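The block underneath contains the structure these notes are about, expressed in structure tokens.
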Amino acid sequence: MNAAIIDSGDYTDKITDILEKNKQYNYVGYLNDEEKSKEKYLGKITDIEKIVKEENIESIIFTSRKQIINYSNMITNLKLQGIKIIDYISFLEKCEGKIDTEKIDALWIVMSDGFIVLNNTLQKRIKRFFDIVVSISMLVGTMPFIIITYILVKMDVGIKNIFINPMKIVRNPAFFRQKRIGIRGNEFEIIKFRSMKIHDPAKFSKYASEYDDRITAIGKFIRKTRLDELPQLINVLKGEMSFVGPRPEWNELGREYEKKIKNYKLRYAVQPGLTGWAQVMYSYGASLEDAEIKLEYDLYYIKHQDFVMDMIIFFKTCKTVIFGKGR
């Protein structure tokens, strides 16, 4: 598909790079009232109809909504002729599988297609049925792993301590509980197998890094294999979580993000999940910037969620667990 860009926004370079790498498109060039670069400069926007015919352009991408308004008559004519008109938000959403939350507003949310998960009763029932069936099946099927993991975490007190003071095993907690933020911003307590040494959270970073020295030897293994997540199946059965959805954030971090990240509360529109689109598309996050990127993927999920997408995420997660690529 021959594609051209109306160049006037901050995303021109990024869109150009995507077009040149994507085999679906043949990047013809850009239009602008002022020539920025001789390379692939097609001409002025006012000559767009003539250029479209000469270059056999099939798709036009706008990098600024303002340009759509300024040239609305010409754009309407082109669209009626069968030319595909795409705004940069929709283009990046399609190509990257995420939504730039900094560039959207309330009007976009109201007018945008999708978001059927928010009001489709049948989809909600299918999702809940899937959650219950899969959770019960996994609890039964993984019970031997749950028991072994429980024993290993309890015994992770050091060989010396096991013989000197066996009661340390009894007192050593196997589970980790933490307040998380769920649907509509309501808080609930999440349950996981403990993968870190017992410590005072106030004295350490709120972010856990890949090589965090608080992670125990057993903790590294159960994180890689996602065994630490299995107790959260109880949260799913209780209806506090879904199997697939945005990962629930620790309440202390989540409340900070609400103040610092635009549109962060949008992720509370659906049930949080054991796994999600952000988890299979983006690496482990350990900063405010990472949280912003994950939100872009979460919003894409909320907009496009259906049973098929949940299955894609489910099988991608299974692949991660089988090959031990978790963190």
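FYI, the numbering for the sequence shown is 12 to 338, going by our numbering.
The beta carbon of each residue, even a glycine, is placed where N, CA and C say it ideally should be.
These numbers come from a predicted model, not from an experiment.
Between the C-alpha atoms of Ser70 and Asn197 there is a straight-line separation of about 44 Å. The secondary-structure analysis by DSSP pairs Val255 across a beta bridge with Thr286. In the DSSP annotation of this structure, the continuous segment of the beta strand (DSSP E) that includes Phe199 starts and ends at Glu198 to Phe204. When the beta-carbon positions are compared, Leu241 and Met166 stay at least 9 Å from each other. Rounded to whole angstroms, the Cβ separation of Leu285 and Val247 is 7 Å, and the two are in contact under 8 Å. In this structure, DSSP gives Arg234 a helical state, which the three-state scheme calls helix. Beta bridge pairing from DSSP links Lys190 with Glu200.
Our two residues, Asn81 and Leu310, have alpha carbons roughly 29 Å apart in a direct line.
Counted as a single uninterrupted DSSP element, the beta strand (DSSP E) harbouring Gly40 occupies residues Asn37 to Leu42. Going by DSSP, Lys95 is part of the beta strand (DSSP E) stretching over Lys95 to Asp98. The beta carbon of Ile29 is closer than 6 Å to those of Cys106 in its chain, skipping five residues each way along the sequence. In the structure shown, Gly265 falls within a helical segment according to DSSP collapsed to helix, strand and coil. When the beta-carbon positions are compared, Gln282 and Ile194 come within less than 9 Å of each other.
Under DSSP, the beta-bridge partners assigned to Asn13 are Asn37. DSSP places Tyr312 in the uninterrupted alpha helix (DSSP H) bounded by Leu299 to His315. With a contact defined as Cβ atoms closer than 8 Å, Glu113 and Lys273 qualify at about 6 Å. Take the alpha-carbon of Val145 and the one of Lys138: they are about 10 Å apart. Comparing C-alpha distances from Phe140 to each of Thr227, Lys271 and Asp321 shows the shortest one belongs to Asp321. Taking the C-beta atoms as reference points, Gly287 is found no nearer than 9 Å to Gly265. According to the DSSP secondary-structure assignment, Ser70 is paired through a beta bridge with Ala14 and Lys95. DSSP places Gly54 inside the beta strand (DSSP E), whose first and last residues are Tyr52 to Gly54. Under a 10 Å Cβ-count criterion, Ser83 is classified as exposed, with fewer than 16 other Cβ atoms of the shown protein chains found around its own Cβ.
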